[in-house]
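Under the UniProt record's numbering, the sequence shown has 182 at position 182, and the numbering climbs by one with no breaks. Think of the CB as a built atom: it goes at the ideal place given N, C-alpha and C, for glycine as much as any other residue. Please read all numbers here as calculations on a predicted model, not as lab measurements.
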Amino acid sequence: MILLAILLVVFGLPMLVGGVWLITLGGSWYYALAGTTLIIIALLVKPRRAFAQILYALLLAATVVWAYWEVGFDWWPLASRLGVLLLLAIPLLFPGPAGRRHGAVTLAIVWIGVGLFTVASIPYDAHRIKGELTTDAVVPNPRLGDVPQGDWLSYGRSNLGQRYSPLDQITPENVSDLELAWQYQTGDLKGPDDVGETTYEATPLKVGNTLYLCTPHNWLVALDADTGKERWVYNAKVPSESQRQHQTCRGVSYLPSSSGQGDIPEVKTLQSPAENQASRECDSQLFLPTSDARLLALDPFTGARCSNFADDGSLNLMHNMPYKQDGFYYSTSPPVVASGVVVVAGAVNDNYAINSPSGVIRAYNAKTGELVWNWDPANPDQTQPFGENETYSASSPNSWAVASADEELGLVYFPMGNRTPDQLGMYRTPEEETYASSVVALKLDTGQVAWVQQFVHHDLWDMDTPAQPSLVDIETEQGLQPGLVVPTKQGDVYVLNRETGEPLIPITEQSAPQGTIEGDYAAETQPVSALSFRPPTLKASDMWGASAIDQMICRIRFQSLRYEGIYTPPSVQGTLVYPGNFGVFNWGGIAVDPERQVMFGMPLYMAFIQRLVPKDNNTPMGPTNQGEQGLNENAGAQYAVEMKPLMSPLGIPCQRPPWGYVAGADLRTGEIMWKHKNGTVEDMAPIPIPLELGVPGIGGPIITRGGVVFLAATVDDYLRAYNLTDGEELWRARLPAGGQATPMTYLNSQGEQMVVQVAGGHGSVGTTIGDYVLAYKLK
1 MILLAILLVV
11 FGLPMLVGGV
21 WLITLGGSWY
31 YALAGTTLII
41 IALLVKPRRA
51 FAQILYALLL
61 AATVVWAYWE
71 VGFDWWPLAS
81 RLGVLLLLAI
91 PLLFPGPAGR
101 RHGAVTLAIV
111 WIGVGLFTVA
121 SIPYDAHRIK
131 GELTTDAVVP
141 NPRLGDVPQG
151 DWLSYGRSNL
161 GQRYSPLDQI
171 TPENVSDLEL
181 AWQYQTGDLK
191 GPDDVGETTY
201 EATPLKVGNT
211 LYLCTPHNWL
221 VALDADTGKE
231 RWVYNAKVPS
241 ESQRQHQTCR
251 GVSYLPSSSG
261 QGDIPEVKTL
271 QSPAENQASR
281 ECDSQLFLPT
291 SDARLLALDP
301 FTGARCSNFA
311 DDGSLNLMHN
321 MPYKQDGFYY
331 STSPPVVASG
341 VVVVAGAVND
351 NYAINSPSGV
361 IRAYNAKTGE
371 LVWNWDPANP
381 DQTQPFGENE
391 TYSASSPNSW
401 AVASADEELG
411 LVYFPMGNRT
421 PDQLGMYRTP
431 EEETYASSVV
441 ALKLDTGQVA
451 WVQQFVHHDL
461 WDMDTPAQPS
471 LVDIETEQGL
481 QPGLVVPTKQ
491 GDVYVLNRET
501 GEPLIPITEQ
511 SAPQGTIEGD
521 YAAETQPVSA
531 LSFRPPTLKA
541 SDMWGASAID
551 QMICRIRFQS
561 LRYEGIYTPP
571 SVQGTLVYPG
581 NFGVFNWGGI
591 AVDPERQVMF
601 GMPLYMAFIQ
611 RLVPKDNNTP
621 MGPTNQGEQG
631 LNENAGAQYA
641 VEMKPLMSPL
651 GIPCQRPPWG
661 YVAGADLRTG
671 EIMWKHKNGT
681 VEDMAPIPIP
691 LELGVPGIGG
701 PIITRGGVVF
711 LAATVDDYLR
721 AYNLTDGEEL
731 WRARLPAGGQ
741 ATPMTYLNSQ
751 GEQMVVQVAG
761 GHGSVGTTIG
771 DYVLAYKLK
C-alpha cells in the first residue's frame, strides 16, 4: 500500500503544481483537480481503502467524460488521458484487509467500463476521409512533355513537373510482387564537419540506359539502368563550410544533343575515373549545381567537364552578387533547361544576415554559359544582362525549390521564397513585397514577368512557396485550359491558368490576426484556395503526450505562446506557427495524373514556435545560425529569431496525431476525395513498434498510369506503394536508410518497369543516414 501511495503522489503532485500554473494561464482546471484527488486518494488508501476506491472510481468516471468532451472517440488522445489512470487503478481493484468489497466492486465496474470504452476507440479512425478518385481518363492523350515513354529526363520527369509516368506494367493487382533488383552505395556519407541539415534528396534521371544522380556533396554518379553498376563518378570537390544552411542536391538537369531529343547517349564503361577526365567539347550535357555556388556542365558519356560551357565547364554563380559570404548562396535544386537556355535560381540562407546575396534568377546560354538575362525580384524590369561592375539587389526574395517550364507558351515558372529575414518585414521594398511567397511566370526569351500570383501577403512566417509547380491541362466548363497546380506550406493548393495566372479554382481573401513589433505590420487579409489541406485552428485540447503529465506540460507551453490561428504575427513572447516551418507541403510537392485530372499529396501537420529575440550588445547570444531548429542571428537587424518544433518533454510532437497523411483530390472541382494517416512510429520511438499513428515526412510522390503511387518520405524507413483511387497501401519495402527523396520509374533495356528510390536520410529530420540507391522490379 505504501508503494501505491507513493506512486499516486508522484503522479498527482506534478499534476497539481502544473495544473495550478495552467489555471493562471487561462487553461483547463482538470489537471489541478485530478492531482488534488490523487493526493487525497494516496492519503486514504491505507486507513480508508473502500472510500479511496470509490473516490478513484469517481475520478475515472469524471476523466472519461471530460476526455470525450475534449477529443471525442479518438484512441490516441483518449489513451493519453486515461492510460496511466487505468494502470494506477489496478492495485486498488482488490478489497482491503477488512474485506469490504463495495469499494472494489464500484471501482472494478467503472474501470472495466472506461477500459472497454477506450479500447473500443482503437479501430475507429476519426480523421479519415473515405472516398474514391475517378478511374476514368477524363483527358485522353494529355501532354506529358517531350520524353520517351521509358525515360525520366528531368526532376519531375519532364519540365512540366507532373511526376507522372505513362508506364503501366505495375498495377494494384501485381505491385505486391515487387522485389529488390539491385542496390548501389555511392560512398558519400555525412561527415563530422558537415552542417546538421546534410540530406540526401536526389531523384535520378534516366537517359537511354543510364541513370544520373547527384549526392549531398555534389558528386555526379552514372549507373547502368539494368544492373546499377557504376559507370563513372564526378566529384565536384565541394569544400566544407559551417555557414552553409543546407548540404544537399535534389537532382541534375539534362540538355539533349543538338541532333534532337531522340539522340540519347549509350554510355560505355570508362577506362578511367571521370574526375580524371580532361574536359571536352560536349554535344549533350548534364548540369550539376553545387553547394559552393557553381554550375557545372558535364559530358553524359564520360563525366568530363564540357569545355564549351563557361570556364572549362564551370560557371561561378557569385558573379555580380552584392554580398559574397561563403555558404550564404547556392543551388540545391536542378536548373531548368528549355529553349536553349539553362535557368538557374538559388537558396539564400534564412535569417543569417540582412545583407546577404541576391535571390536573382538567371538564364545562360545552355551551350556556352553566356548570360542571356537576369531577373531580380527587387529590380524586376531590368532583365538585360548586368555588366561586370554592376550588382544585383541584396537579400531579394529567392527561389530555392524546383521550377517548371512550358516551351510552347515560352514561360518558366518559379516558386518564390521570401526576403531574409523571414520574420522581419520592415526591410522589404514594394517590389520585393510583390514577388515574395508567390509563383511567378517569366518569359523564357527575356526574363520579363508575364504574371505573378502571391500566396502570402507580407510573409512573416517563412511560408516560402516550396514545391515545383505541376503543369497539367485542366478540363473546365470553358473547355480544356492550360493549368498550373502548386502546393504551399500553409496547405492551400492553387490551380491557376498557367498562361494568364488566373485561378481555375477560386481564391478568396480571409481576415488575418494583427499586432506586430514596432516598425512592422501584418497584412489585414490573406489568400486561401478553395482546394486546401489547411488544418483546423489548434486548441488546448489538441495538446497530446504519452501521459497526462507531459500532455499538461504541452498545454502549459501552448497557453504561454501567442496564438490566434494561422498567420499570428511573430512576437518576443513567442508565437505558435501552425502549420509550421516544414509546412503542410514542402519541396517534395505533389504528383498529378493528367489523364484522370487528380492529384496525390502527403499533407504534414507540425506546429512550430517562432520567437523574436531582442539583441543586447552587452549580452552574448551563444551559438547562432542553427537553421529551422535553433537560434539565427539576423546580423544587422534588431532581433534574432529562434525556431523549434512544439515538442513534449519526451521529444514527440505536442499536438495529437496523426501528424502525416496521404490524400487525393479532384483538380477540376477542388474536392478532397480521400485522406488517411500515413506511416508508423517504428523509427521514432525508443522501442521499434510499428504503430500506425500517421507520422511526419519530407519528400514527394510519383504516379504511374498503372494506378499505383510510390512514396517514401516518412520518418519510418519504408518505400510504399498506394492505390491512387482510394489511397490504400498496397506494398511496402524496408529501406536501409531514410527515404527523404522522391522516387522515379523507368523501363530498362529488357522492357521491364523499374522503380528507384534514393535512401540516404535527412539530417534535420533525424532519419537513418546512408548512401543507398535501390531499384525494384516485378518478380
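Distance from the CA of P569 to the CA of T525, rounded to the nearest whole angstrom, comes to 13 Å. Spanning the alpha carbons of G670 and G770 requires a straight line of approximately 39 Å. E179 has K777 as its beta-bridge partners, per DSSP. For N379, the CB contacts under 6 Å within the same chain, skipping 5 residues up- and downstream, are S393 in chain order.
Residue nearest to D422 within the set E433, P166, D326 is E433 (criterion: CA-CA distance). In this structure, V641 is the residue among V641, D299, Y329 with its C-alpha nearest to the C-alpha of L460. The residue among G636, G113, N218, C306 with its C-alpha nearest the C-alpha of V65 is G113. About 50 Å separates the beta carbon of P623 from that of D473, a gap too long to meet the 8 Å contact definition.
When the alpha-carbon of N355 is set against those of T420, T332, N365, the nearest one is in T420. Counted as a single uninterrupted DSSP element, the alpha helix (DSSP H) harbouring I112 occupies residues 102-120. Beta-carbon to beta-carbon, D683 and T575 are separated by about 30 Å, too far to satisfy the 8 Å threshold. V756 is the residue among A733, V756, L735 whose C-alpha sits nearest the C-alpha of P743. The beta carbon of F533 is closer than 6 Å to those of G491, V584, P603 in its chain, skipping five residues each way along the sequence. I474 is bridged by DSSP to Q481. W21: member of the alpha helix (DSSP H) spanning 2-24, first to last residue. Residue nearest to G699 within the set D312, K229, T714, I689 is T714 (criterion: CA-CA distance). For A591, the closest of P172, P535, I170, G664 by C-alpha to C-alpha distance is G664. Taking C-beta atoms as the reference points, Y330 and P377 fail to come closer than 8 Å. Along the region 402-450, the beta strand (DSSP E) occurs as fully enclosed runs of 3 or more residues at 404-406, 411-415, 438-443, listed in sequence order.
Judged by DSSP secondary structure, Y722 falls within the beta strand (DSSP E) whose first and last residues are 718-723. Considering only V662, E564, S541, the residue with the shortest C-alpha distance to C554 is S541. Contact between L213 and A202 holds, with the beta-carbon distance rounding to 5 Å and staying under 8 Å. The region 658-686 is shown to contain whole beta strand (DSSP E) runs of 3 or more residues at 661-666, 672-677, in chain order.
Taken atom to atom, the span from the alpha-carbon of R611 to that of E241 is near 27 Å. Shown here for K229: same chain residues with a beta carbon closer than 7 Å to its own, the five before and five after excluded, namely L223 in chain order. In terms of CA proximity to A403, A467 leads the group A759, P649, A467, N418. DSSP places P645 inside the beta strand (DSSP E), whose first and last residues are 639-645. Nearest Cα to Q478 within the set V486, I505, Q453: I505. Here DSSP, grouped into helix, strand and coil, assigns I698 to coil. Buried is the label assigned to V343, since at least 16 other Cβ atoms lie within 10 Å of its Cβ.
Of the candidates D194, A548, E692, L317, the residue whose Cα lies closest to the Cα of H762 is D194. Under DSSP, the beta-bridge partners assigned to W373 are A363. Counting the other CB atoms within 10 Å of its CB gives W111 a total of 16 or more, which places it among the buried residues. The Cβ atoms of G96 and A50 lie closer than 8 Å to each other.
Between the beta-carbon of A236 and that of L288 there is about 6 Å, and that keeps the pair under the 8 Å contact cut. F558 carries a helical assignment under DSSP once its states are collapsed to helix, strand and coil.
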